Each structure stands twice: as C-alpha cells, then as structure tokens.
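Note sheet for the following structure.
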Amino acid sequence: MAGVMDSVNQRTQLVGQNRLELLLFRLDGEQLYGINVFKVREVLQCPKLTLMPKSSPVVCGVANIRGATIPILDLAMATGSGGLQDQSNPFVIITEYNTKTQGFLVRSVERIVNMNWEEIHPPPKGTGRDHYLTAVTRVDNQLVEIIDVEKVLAEVAPTSEAISVGVVDVETQHKAISLRVLTVDDSSVARKQVTRCLQTVGVEVVALNDGRQALDYLRKLVDEGKKPEEEFLMMISDIEMPEMDGYTLTAEIRNDPRMQKLHIILHTSLSGVFNQAMVKKVGADDFLAKFRPDDLASRVVDRIKAADHS
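Here numbering that gives the first Met the number 0 is used: the first residue of the sequence shown is 0, the next is one more, and so on.
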C-alpha cells in the first residue's frame with residue numbers, strides 16, 4: 000500500500016476544481032466504502048495492538064506508529080454491524096480529523112479513484128436518521144458508501160459543545176437576536192454542533208446540506224432582489240460536501256457581483272496548513288478547524304462587533 004499512498008501529498012491541485020480522490024476499502028462484505036485521500040496519512044498492515052481498559056468497545060486498542068500512540072477503531076462496529084469478523088491480516092487507515100489522529104481497522108484497501116464532487120451524492124432518501132453515510136457514489140458501476148466519520152468520532156469520543164464563560168457577553172447576545180448566519184455542512188452531526196453553538200451566541204441559523212444547495216439558495220435570494228450580506232452576518236461552510244465542495248462554492252460566490260460581499264468562513268476537519276493557502280486562493284475570509292466551540296463563537300462575536308461599527 001505504500002506505493003498507493005506515496006503521491007497523496009502531490010494531489011492538492013485537485014482541490015478548488017470541485018474534485019477529490021477517494022481511497023476505496025472494504026469491511027466484511029463486498030460493499031465498497033470511500034474516504035477522502037486528504038484525510039489519510041498512511042495505510043499499513045495492522046500492527047500489534049495494546050488493549051485499553053474502560054475504552055469504548057469500538058476501540059480495538061492502541062498502536063505505536065512512528066513514535067505516536069494512536070487509537071485504532073473497528074469501523075465495522077462503529078457503523079452498527081457486529082465488528083470486523085475476518086481479522087486475518089487486516090489493514091489500518093491512519094487518518095486525521097479535527098486535528099486528531101486515529102486509525103480505522105478495515106478488511107482490505109482497494110485503490111484510489113479520482114472523482115468530481117458532482118458525482119458524489121447525498122444518501123438516498125428513506126435511509127433514515129440512524130445511518131452512518133454522508134454521501135454515496137458509483138465506481139465501475141459499484142455503489143460506494145462514504146462514511147460520516149464525524150458522526151463515528153462524536154459517538155466514540157464526544158467533544159464538549161459548551162462555550163466557555165466570557166466568550167459571549169450579554170450585550171453581544173442581545174445584538175445577535177436580530178442576526179442570521181448561514182451554515183453549510185453535509186454531516187448531520189456537524190450541522191447540529193454548529194447550530195447549537197451559534198444559537199448559544201444568540202443568532203438565528205439557516206442550515207443547508209451541501210454547496211450546490213447553498214449556491215441555489217443564495218442565487219434565489221439575489222434573484223428576489225435581496226443582498227446576501229444584508230440577509231446574513233456570515234456563511235460558515237464545510238469544505239468536503241457532495242455535489243459541490245466549499246472551495247467551489249466560495250469561488251462561485253466571489254465571482255458573482257451580486258453576492259460577493261458575503262463574509263465566508265470555511266470550517267473543516269481537513270488539516271490546516273494547506274487549507275490556509277486555499278482560503279486565499281478562492282477568496283474566503285477565514286478558515287477554522289472543526290470543532291472548537293470557543294473559536295467558532297469568537298469568530299461570530301467578532302463579526303457582530305464589526306457589523307455594529309460599520
């Protein structure tokens with residue numbers, strides 16, 4: 000697998016063109032699953048694991064990899080099945096989400112495929128609320144399910160959603176009542192986290208599921224003669240989304256004179272250094288790593304204060 004992963008760091012030119020690359024893998028059956036290559040550090044044969052007492056049943060143990068102790072999660076168990084049945088020679092996909100590193104135990108790793116976000120679609124209606132999918136696509140006429148890893152991690156190791164005392168003062172909360180924020184994220188868990196945080200600040204939240212839906216929504220606003228920068232204090236958008244990613248959404252907004260003044264923050268679990276360069280390239284105002292309630296609330300508070308003085 001080393002050969003497959005060697006060129007991961009050379010793939011950044013795909014981003015900003017509404018493209019991505021998926022690492023395909025299987026759990027127990029023939030079903031194919033996918034994960035964005037930008038979340039993947041490396042793929043390796045499962046090393047020796049050390050069991051951790053009192054950890055979640057989903058955590059198979061921890062492994063020492065390149066001097067770091069990394070928790071290894073059974074992805075089959077985490078997504079609701081009985082766990083990986085065939086554990087002879089399994090692989091571990093080492094990933095980074097929300098600045099944290101973890102490994103996912105999988106049965107086999109297939110290959111990397113280059114795709115357009117327009118080929119990635121939301122889960123079919125009727126899958127219910129308890130599924131672990133954030134999107135689906137087809138590769139060689141096979142269905143590929145893209146797992147909502149943020150939901151998995153939120154259940155295995157919940158993070159605090161509370162905003163620290165002092166981040167938002169009473170005066171700011173009072174001003175926030177008359178303001179709205181547009182949020183865009185394909186993960187139901189992420190949408191809820193952001194919405195609860197923003198509601199604590201005091202603003203009204205309009206939450207949409209992907210970049211295409213958000214762009215259509217904003218275009219409808221301007222077609223009605225409204226100005227997005229007057230309707231919304233800001234837009235907070237994920238980057239990885241089916242139909243249209245956050246980079247492309249931002250570029251489309253900046254290229255339309257009717258909506259280009261909208262304040263945009265890209266809010267993502269992708270690692271930071273690369274994103275800061277992309278923020279400048281597509282014209283976003285800021286970049287924020289998920290999910291840090293104090294940081295998110297502070298950005299909104301700063302915008303409220305800036306709007307108050309404009």
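Positions of the beta carbon are idealized from the N, C-alpha and C atoms, including for glycine. If you're wondering where the values come from, they're calculated on a predicted model, not measured in any experiment.
The beta carbons of leucine 74 and valine 151 sit closer together than 9 Å.
With contacts defined by Cβ atoms closer than 9 Å, glycine 82 and isoleucine 93 do not form a contacting pair.
Rounded to whole angstroms, the gap between the alpha carbons of aspartate 139 and alanine 161 is 44 Å. The beta-bridge partner set that DSSP reports for glutamine 101 consists of Thr94. Take methionine 76, set aside five residues on each side of it, and the residues of its chain with a beta-carbon closer than 6 Å to its own are Val57 and Gly82, in chain order. Distance between glutamate 41 and glutamate 239, taken at the CA atoms: about 20 Å. DSSP places glutamine 44 inside the beta strand (DSSP E), whose first and last residues are 39-44. Excluding sequence positions up to five before and after isoleucine 34, its CB lies within less than 6 Å of the CB of Leu22, all in the same chain and listed in chain order. Taking one beta carbon from each stretch, the region 245-254 and the region 280-294 have 3 or more pairs nearer than 8 Å; the two touch. The beta-carbon separation of leucine 104 and leucine 72, rounded to 7 Å, stays under the 8 Å limit for a contact.
Here the alpha carbons of valine 112 and glutamine 141 stand approximately 13 Å from one another. In the structure shown, the three-state DSSP call for proline 227 is helix. DSSP places glutamine 30 outside any alpha helix (DSSP H), giving it a letter other than H or E. Within the region 133-213, complete beta strand (DSSP E) segments of at least 3 residues are found at 141-146, 179-183 and 203-207, given in chain order.
Residue Met233 holds the alpha-carbon nearest to the alpha-carbon of arginine 179 among Met233, Ala153, Met277 and Lys219.
Comparing alpha carbon positions, the residue from Ala306, Pro292 and Lys99 closest to glutamine 198 is Pro292.
The alpha-carbon separation between glutamine 30 and alanine 156 amounts to approximately 26 Å.
Straight across, the Cα-Cα distance linking glycine 60 with serine 163 is about 32 Å.
Where threonine 68 is concerned, the enclosing beta strand (DSSP E) starts and stops at 67-73. Between asparagine 115 and leucine 48, the alpha-carbon positions lie close to 37 Å from each other. Valine 148 is positioned such that its CB atom lies no closer than 9 Å to that of threonine 182. Each of Ser297, His266 and Ala296 was checked against the Cα of lysine 289, and the nearest Cα belongs to His266. DSSP lists no bridge partner for serine 54.
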